[in-house]
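Written out below as structure tokens is the structure these notes cover.
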Amino acid sequence: MSDHVLTTPTPKGFLPHNVAHHFTSHVQEFQACKLVFWLFLATEIMLFGGVFAAYFVFHELYPETFRVGGEQLNWKLGALNTIVLLSSSYTMAMGVRSAQMSQKKKMMIYLGLTVLGAATFMVVKYFEYTAKFEHGLFPGEFFHPHGEYAAAFEGVEWPNLFFSFYFTMTGIHGLHVVVGAALITWIMTRGAKGRYHSGHFLPVDLVGLYWHLVDLIWIFLFPLLYLVP
């Protein structure tokens, strides 16, 4: 074994973690990976920041369009999803904490609850999307509301604008929820083998940071789409 490949302290019943050869210690590995991941999260913030900026610009130009569009959303479902994601953020944090304390069973339970929260969120979004599609509230050129929804948008300038933003913003966010759930599931499969413990919990920590960002973005999306318009 190379002098640069160090093994972190491993509690009994867990698998050891060998530090990659290009790091001199597990501390350096942790700090380097954490820094790179924060840079990645910064690019995610830039992505959503650009979408938010466009939202504010067009909201200022066509306030009536956004007002009417927002009235077609069910704020109760949006609030439910907010509660679900906030709860999942807590269970994710507890999952990370359990990994840091070498509590494998608790970690698996908390991470499982987090995945359940992600699944619940997506099911709610499915019902929301289905309801919009049934009434012809599609994004862009496919926007063709029926019945009372057509009457609500009568005389409104650029009537399809709000739902173009709605599906773009919630669609990108939903994709992040799916990716986050997949990463947590991957962590669980490895965690079940005893790979994460007090001496090595970096992957759990990084996925936790990603999940908290997903939750934070929804905290902004919910009022902008469901309450402010």
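Count along the sequence shown from 1, then add 741; that gives the number in our numbering. Every residue, glycine too, gets a C-beta built ideally from N, C-alpha and C.
In this structure, G932 lies near M848, with their beta-carbon atoms less than 7 Å apart. In the displayed model, H917 falls within a helix according to three-state DSSP. Restricting attention to N822, K845, L854, L818, the CA atom closest to the CA of M833 is found in L854. The three-state secondary structure of H762, taken from DSSP, is coil. About 7 Å separates the beta carbons of Q813 and Y890, which is inside the 8 Å limit, making them a contact pair. For L854, the enclosing alpha helix (DSSP H) covers residues 845-875. Secondary structure at H887: coil, using DSSP grouped into helix, strand and coil.
Relative to F771, the option among L965, L947, D956 whose CA is nearest is L947. Close CB contacts of Y803 within its chain, under the 7 Å cut and outside five residues either way in sequence, are with E898, W899, L902 (chain order). The region 775-794 and the region 950-966 touch, with three or more beta-carbon pairs separated by less than 8 Å. Taking all protein chains shown into account, S829 has 16 or more neighbouring C-beta atoms within 10 Å of its C-beta and is therefore buried. S843 and A761 have their C-alpha atoms roughly 22 Å apart. The residue from F874, T926, V792, H767 with its alpha-carbon nearest to that of F942 is H767. One alpha carbon belongs to F793, the other to K753, and they sit about 48 Å apart.
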